[in-house]
Amino acid sequence: MSDKTPNHRLSPMACPAQLADVDLFGPGAQEHWYEAYPILHKEAPVQVLSGAGPDGASDVFVLSRYEDIERVVKDPQRFTPVMSQLVEGLQATLDRGETPGQDASRFDLALDSVRTLRPTMELWRAHRQELTDPWVGPGAKRHTRMITEVADELIDRWIDRGRDGGDAIVEFIDEFARPLPQIVMARVLGFPIEDVPKLAQWGSAQVMQYVDGQGPLNQLSAEQSALQAQRLEGFAEYLADQVASKRSRPQDDMISALTQTHYQALDRKLTDEEVYGIVYFMVLGGLETTQYALEEEAQLLCEYPALFDTLKAAPEKIRAFTEEAMRLRAPTQGLSTRVTTREEAFQGVRVPAGSILHIRFGAGNVDPQQYASPYQLDLQRKSLGNHLTFSQGPRTCPGAGISRLEQTIAWERLCVRLDRLEYVPGNTFEHQPGVMLGTLALKLRFARAIKRRS
Ligand code: HEM
431 MSDKTPNHRL SPMACPAQLA DVDLFGPGAQ EHWYEAYPIL HKEAPVQVLS GAGPDGASDV
491 FVLSRYEDIE RVVKDPQRFT PVMSQLVEGL QATLDRGETP GQDASRFDLA LDSVRTLRPT
551 MELWRAHRQE LTDPWVGPGA KRHTRMITEV ADELIDRWID RGRDGGDAIV EFIDEFARPL
611 PQIVMARVLG FPIEDVPKLA QWGSAQVMQY VDGQGPLNQL SAEQSALQAQ RLEGFAEYLA
671 DQVASKRSRP QDDMISALTQ THYQALDRKL TDEEVYGIVY FMVLGGLETT QYALEEEAQL
731 LCEYPALFDT LKAAPEKIRA FTEEAMRLRA PTQGLSTRVT TREEAFQGVR VPAGSILHIR
791 FGAGNVDPQQ YASPYQLDLQ RKSLGNHLTF SQGPRTCPGA GISRLEQTIA WERLCVRLDR
851 LEYVPGNTFE HQPGVMLGTL ALKLRFARAI KRRS
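If you use the working numbering, the sequence shown closes out at 884, no skipped numbers anywhere.
See below:
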């Protein structure tokens with residue numbers, strides 16, 4: 431992977447050579463995550479970040495072993511999701527007749543819907559099964575044709591470049607990986623296509639914590655929080671208008687369905703506020719994540735040049751490829767979203783009750799105790815889908831179905847329409863800050879397929 435060595439020069443942080451150098455959260459850390467993981471696995475599978483907790487005194491514990499992460503995410507009773515704690519806090523505040531404080535108001539739209547719709551594990555399950563699965567989970571198959579059309583329309587915009595002797599170059603992120611999930615999610619939810627640019631802006635304002643937030647808790651400064659609120663201006667009103675219009679004139683889309691459904695689990699219809707909350711989470715989770723997966727998949731194809739031909743010749747292997755790519759380059763590298771409810775021990779390290787765990791999906795996915803040759807892309811690997819990229823257990827990502835479908839269809843169409851994809855000299859492969867694995871720019875040279883499009 432010599433093409434990627436410029437990262438080491440671009441990053442303000444030196445490439446870690448020993449445990450003392452490993453800082454997953456410092457400026458430029460993204461450029462060295464995959465050099466840090468073998469060090470963590472060997473020397474500190476539970477890395478203690480002293481005083482990094484919310485009170486400035488407690489510690490945060492970074493888990494990088496597959497078995498530890500799996501244990502945590504599969505047991506929400508013992509390792510409470512931070513969101514459940516926020517909801518309990520919000521409920522207690524309301525029970526006292528007080529107005530919610532700053533924590534709740536930051537994403538109050540969403541949090542209040544969690545409070546009323548899924549305060550228990552049973553209701554979490556029902557929420558997924560009845561409300562999201564039919565649209566973005568297993569039921570996402572219904573969008574196959576639409577996603578195929580969106581992928582083809584995006585490819586149409588650049589496929590003829592190079593025909594008159596010019597350079598056949600595509601900015602893969604701007605011209606494919608970013609717009610694809612934006613347009614697909616707008617179509618699924620039922621937002622007008624002309625609104626995609628503003629939805630994209632609101633979407634990136636929602637994820638500011640994961641990009642600009644500092645340290646393992648992704649904390650925004652007061653100025654950044656104010657900027658986030660400013661960038662989200664208009665979103666609540668927009669959602670209210672959309673929901674009202676779909677309640678009175680339902681169409682064939684997810685928001686319309688949510689406004690009309692009789693929610694069996696609670697034996698009632700959803701309120702407008704509950705629909706806003708569900709949609710808020712769809713926009714928050716559904717855009718950048720899939721974009722980053724597509725970006726990394728393109729890079730892997732450039733790094734393993736024979737792979738593109740393999741997938742062209744055997745498109746049934748595309749699903750194995752996207753699973754391996756997501757294992758090797760998890761878009762969501764880690765989240766500090768679980769709290770211990772009692773004293774625990776991981777790999778012999780004592781973790782007090784009430785501690786925040788940073789679950790490092792990206793590292794668990796390349797744990798040598800779980801995977802042989804963990805840094806190799808291997809389409810023959812057993813249990814290809816058992817990576818931690820979407821998390822696991824009852825709180826696993828509800829949008830995994832649609833994301834997998836978008837990725838598979840994207841590469842099916844690209845394999846049909848292109849004969850080659852390779853790096854253009856000059857890419858820096860620099861990543862955005864934060865906890866997501868997001869490459870900032872990616873110029874690729876392509877060769878249009880000679881065979882007729884099918
Ligand atoms: C490659 C793409 C994606 C990745 C890597 C990803 C990853 C994740 C992860 C790691 C979690 C945390 C689960 C946990 O706490 O145990 C999560 C939660 C979530 N994801 Fe995804 N996701 C992706 C795509 C999507 C899409 C397309 C949607 C929406 C259509 C979505 C919606 C959500 C929501 C709503 C949650 C929060 C669930 C909750 O706690 O309420 N995600 N995702």
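Using N, Cα and C, we set each Cβ at its ideal position, and we do this for glycine too.
Note that the structure is a prediction, hence the values are computed from the model and not measured.
* Beta carbon of Glu852 nearer than 8 Å to that of Arg875 -> yes
* With which residues is Glu836 paired in a DSSP beta bridge? -> The partner list for Glu836 (beta bridge, DSSP) is empty, contrary to what the question assumes.
* Kindly examine ligand 1 and report whether one of its heavy atoms sits closer than 7 Å to the Cβ of Phe876. => no
* To do: Answer yes if the stretch 510 to 525 comes into contact with the stretch 538 to 557, meaning at least three C-beta pairs across the two stretches below 8 Å, and no otherwise.
  => yes
* Quick one: what does DSSP say Ala877 is sitting in, helix, strand or coil? -> strand
* Apart from the five residues just before and just after Ile623, which ones in its own chain have a Cβ nearer than 8 Å to its Cβ? -> Ile613, Ala616 and Arg617
* **Own chain residues within Cβ distance below 8 Å of Arg878, not counting five before or after** => Ile589, Asp590, Gly592, Arg593, Ala598, Arg847, Leu848 and Asp849
* To do: Any chance you could list the alpha helix (DSSP H) runs of at least 4 consecutive residues sitting entirely within the stretch 441 to 466, in chain order?
  => none
* Asked: With burial defined as no fewer than 16 other Cβ atoms inside 10 Å of the residue's Cβ, what is the status of Leu741: buried or exposed?
  -> buried
* To do: Look at the alpha carbon of Cys732 and the alpha carbon of Val854, and state the distance between them as a whole number of angstroms.
  => 10 Å
* To do: Just confirm the distance between the C-beta atoms of Arg759 and Leu867, as a whole number of angstroms; I'd bet it's less than 8 Å.
  => 6 Å
* **Cβ distance (whole Å) where Pro863 is taken to contact Val641 below 8 Å** => 6 Å
* To do: Give the C-beta separation of Ile880 and Val490 to the nearest angstrom, bearing in mind that I take them to be a contact with Cβ-Cβ under 8 Å.
  => Wrong, their Cβ atoms sit about 54 Å apart, outside the cutoff.
* Neighbourhood of Asp563 by C-beta distance below 7 Å, restricted to the same chain and skipping five residues each side -> Gly569
* Is Val503 near ligand 1, in the sense that its beta carbon is under 7 Å from a heavy atom of that ligand? -> yes
* Tell me, to the nearest whole angstrom, how far the beta carbon of Pro646 is from that of Phe776; I am working on the premise that it is less than 8 Å. => Not really, about 16 Å apart at Cβ, beyond 8 Å.
* To do: State the Cα-Cα distance for the pair Leu717 and Thr819, rounded to the nearest angstrom.
  => 15 Å
* To do: Note down the Cα distance separating Val502 from Leu470, rounded to an integer number of angstroms.
  => 18 Å
* For the alpha helix (DSSP H) that Asn637 lies in, which residues bound it at each end? -> It should be pointed out that residue 637 corresponds to Val in this sequence rather than to Asn. Run containing Val637: none; DSSP gives neither H nor E here.
* Option nearest Ile839 by Cα separation, candidates Ser543, Gln559, Phe711 and Thr720 -> Thr720
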